[in-house]
Amino acid sequence: MIKGFILAAGFSKRLRPITEYIPKPLVPILGEPLLDYIYKVLKNAGINDIGINLHYKADEIERYIRENHFSLKIFFEKDILDTGGALYNAKDFLKDSIFVVHNCDIYWDGNIKEAIEWHINTGSVITLLVHDYALDNKLIVDNEGNLISIKFEKFSSNSLSSFKLLAFTGVAIYSPDILQLLPKGPSSIVDLWFNAKNKGLKVKVFPVKYSFWYDIGTPVRFAQAVFEKLRRNFTSIYVHPTSFGCDLVDAKGNLVIEKNVKIKKPFKCKNLIILPETEVFIESEYIEDCIICKNLVIPVGDWKKESESLSYGGSTRRYFRKKDKVFCEWEELGEEFKKTVLLGKFFKKKGFPVAEIFEVKKEEKLIIFEDLGNLTLYSWLQCKRKDEEILSVYKKIIEKVVILHFKISQEISKLKINLPEFDYEYFRWESNYFLKECVEDVFKLNFSNLIEDLQKELHLIAEKLSKSKKVILHRDLQSQNIMLKDDKIYFVDYQSARLGPPGYDLASLLWDPYVNLTDRVRKELINYYIEKAKNFCFSALVLNSYENFKEELCLCRIQRHMQALGAYGFLSLKRRKKNFLKFIPSALNLLTVDIKESSLKLSSLEKLVNDLKANLTLLSDTYSYI
């Protein structure tokens, strides 16, 4: 059995003034206190027996632990014992197993489980989890991964030529024998490392892998961690459900509103974090790059880099903002690169609102776009909105989609590339994508007993939809691909446009697993789409009749949700973007309703989806997307 220990007794002076009001372990990152996150990290590494030391604001942290039923063994320190003294104070708890020590200000997703296995296999007594991080590279390590020393001024660059400089991540693994080397009372854990080394014991380093790592010990680093999590969550806005007044805020960039916040007056902002239990009454019309905590405004203007990394969902392309332009860097100059350029210029010319392309640099695999800001439809919907507000925005979107479907589609001959069709083969590719990437790879579900009848049903859906009249589709018309800027609508990520049934775009937009629209809103928007389409003669050929369109739309919903589930599985497991897993339950629920509302008999598909829903608990136990 492996144990864990969280170092959480310190005064957190670097994070002041925030920690004058909130103890560092309870500082939230998008609604989740850091302590909760670290606790889950250790649990996901297979560690169930966990201790924690407390001193500064100990009563408040203890109360939180008890109220949330965490199984943490608490070690109180009347006086600060420092990092080594903390382990000595808990030696009776730690003495019978290998244990992992995790600093309470480290926010990351490193591979602790692999490090534990490596520690055991190498017979080390201490394994320091390290990384190459220029700001903190102070550990001197030889080519065999042994700790040699810590860099001080007396070490010249020549004397370090045969060694590596690495940084300590704030996480280490110890064998229980080292407890005998600790003195009673306060001591430094760093002294323990070298005491063990001087006694000939193995003190080694393990270079870790991670997607992100932050020491949130300062307000600036805390802000960086918060905004990074927004980016990983594919949004620029987070609002805790207990807070209100977010509709008064016009967010021009990142906005985080934590628990029990009350906003009293309208204002505009960019890169703002409002911490819990705060009433906000801002006198100025605009505020940016700061944290608001109680009555304090804490500047964090240094959080940004020269170029700001942007997140665009499941894309393999790298997007970044620099000098008020957005740069898109591609892995290769393939068909999608060409389609993005040609479609972007074609759509812009025909009045479909996309970002202007300023420059194409083929040799650098770069496309430079107009900056549309940070506010996606998905981000905008993170604040609770009235149905009337939602309808107003979605109707603007529908108006543009109708133009794409029934006006621009008539001018397709002027496009310099041939758009692929949603034909029978492609519909079947989507349904098989769902079976492979989601059913088999994510859920590990054996459905051989259903396969014959299931394939007949999927064949029938594809056959019917492949015979539909075709228009130009965006093809991925979900809320993360729609930008809101200056009360106008823009569309991004259009390079996968195809010719297909118009219901596919409507299914993507109105039955989006990322958002939860009401049936009333959906029905009104479908009717609005049909009414607007009547202005175009071509629409009569495609829509045929309202009743026929509703059936086609229902089949498009089924097809789209199968495709989305396949994509969530592929992106989570193959691209290691595990946050997509959290959308699987919503997509399955939507697919269940789709099947019930279809006029086709789809009993095998319904049985398969019900089996997947029955295994959702297994899904959350098997995969972590923290």
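The numbering of the sequence shown is the numbering used here, which starts it at 61 and goes up by one.
Yeah, the Cβ is synthetic: ideal placement off N, Cα and C, and Gly gets one too.
Note on the region 280 to 324: whole beta strand (DSSP E) runs with a minimum of 3 residues are 297 to 299, 309 to 311 and 315 to 317, in chain order. A distance below 7 angstroms between beta-carbons, with the five flanking residues on each side excluded, links Leu252 to the following residues of its chain, in chain order: Gly144, Ile238, Leu241 and Leu242. In the three-state reduction of the DSSP assignment, Asp384 falls in the coil class. By the Cβ criterion, the region 160 to 172 is not in contact with the region 258 to 265, since fewer than three pairs of Cβ atoms, one from each stretch, lie closer than 8 angstroms. The beta carbon of Lys422 is closer than 7 angstroms to those of Leu393 in its chain, skipping five residues each way along the sequence. Beta-bridge analysis with DSSP links Ser209 to Ile200.
The alpha-carbon separation between Phe640 and Arg74 amounts to approximately 34 angstroms. Contact between Ile233 and Ile158 holds, since their C-beta atoms are separated by about 6 angstroms, short of 8 angstroms. About 4 angstroms separates the beta carbon of Ala567 from that of Cys616, a gap short enough to meet the 8 angstroms contact definition.
In the three-state scheme derived from DSSP, where H, G and I count as helix and E and B as strand, Pro236 is classed as helix. Residue environment for Ala194: exposed (fewer than 16 other C-beta atoms within 10 angstroms of its C-beta). At least 8 angstroms separates the beta-carbon of Gln555 from that of Lys410. Excluding five sequence positions before and after Asn197, the CB atoms of its chain that fall closer than 7 angstroms to its own CB belong to Leu225, Leu226 and Ala227, given in chain order.
For the set Lys496, Arg488 and Glu500, the Cα lying nearest the Cα of Lys516 is the one of Arg488. Remark: C-beta atoms of Leu90 and Asn293 approach each other more closely than 8 angstroms. When the alpha-carbon of Ser658 is set against those of Arg620, Leu665 and Glu611, the nearest one is in Glu611. The Cβ atoms of Ile180 and Val160 lie no closer than 8 angstroms to each other. Between the region 528 to 544 and the region 658 to 674 there are fewer than three inter-stretch CB-CB distances shorter than 8 angstroms, so the stretches are not counted as touching. A residue is called buried when at least 16 other Cβ atoms come within 10 angstroms of its Cβ; Asn163 meets this threshold and is buried. One alpha carbon belongs to Lys524, the other to Glu481, and they sit about 14 angstroms apart. Thr187 is bridged by DSSP to Ile233 and Lys264. DSSP places Asn128 outside both helix and strand once states are collapsed to three, so it counts as coil. For Gly560, the enclosing beta strand (DSSP E) covers residues Arg558 to Gly560.
In the assembly as shown, Glu416 is an exposed residue. Its beta-carbon has fewer than 16 other beta-carbons within 10 Å.
Within the region 583 to 666, the runs of alpha helix (DSSP H) at least 4 residues long that lie entirely inside it are, in chain order, 597 to 603, 606 to 633 and 644 to 657. Between the region 442 to 451 and the region 291 to 306, the count of Cβ pairs shorter than 8 angstroms is three or higher; the stretches touch.
Taking a cut-off of 8 angstroms for Cβ pairs, the region 539 to 558 and the region 580 to 593 do not touch, as fewer than three such pairs fall below it.
Taking a cut-off of 8 angstroms on C-beta distances, the region 560 to 576 touches the region 617 to 625, as three or more cross pairs fall below it. Contact between Ala69 and His115 holds: their C-beta atoms lie close to 4 angstroms from each other, under 8 angstroms.
The beta-carbon distance between Lys155 and Pro246, rounded to whole angstroms, is 20 angstroms. This is too long to meet the 8 angstroms contact definition.
DSSP lists no bridge partner for Trp178. Secondary structure note for Leu403: its alpha helix (DSSP H) is the uninterrupted segment Glu395 to Lys409.
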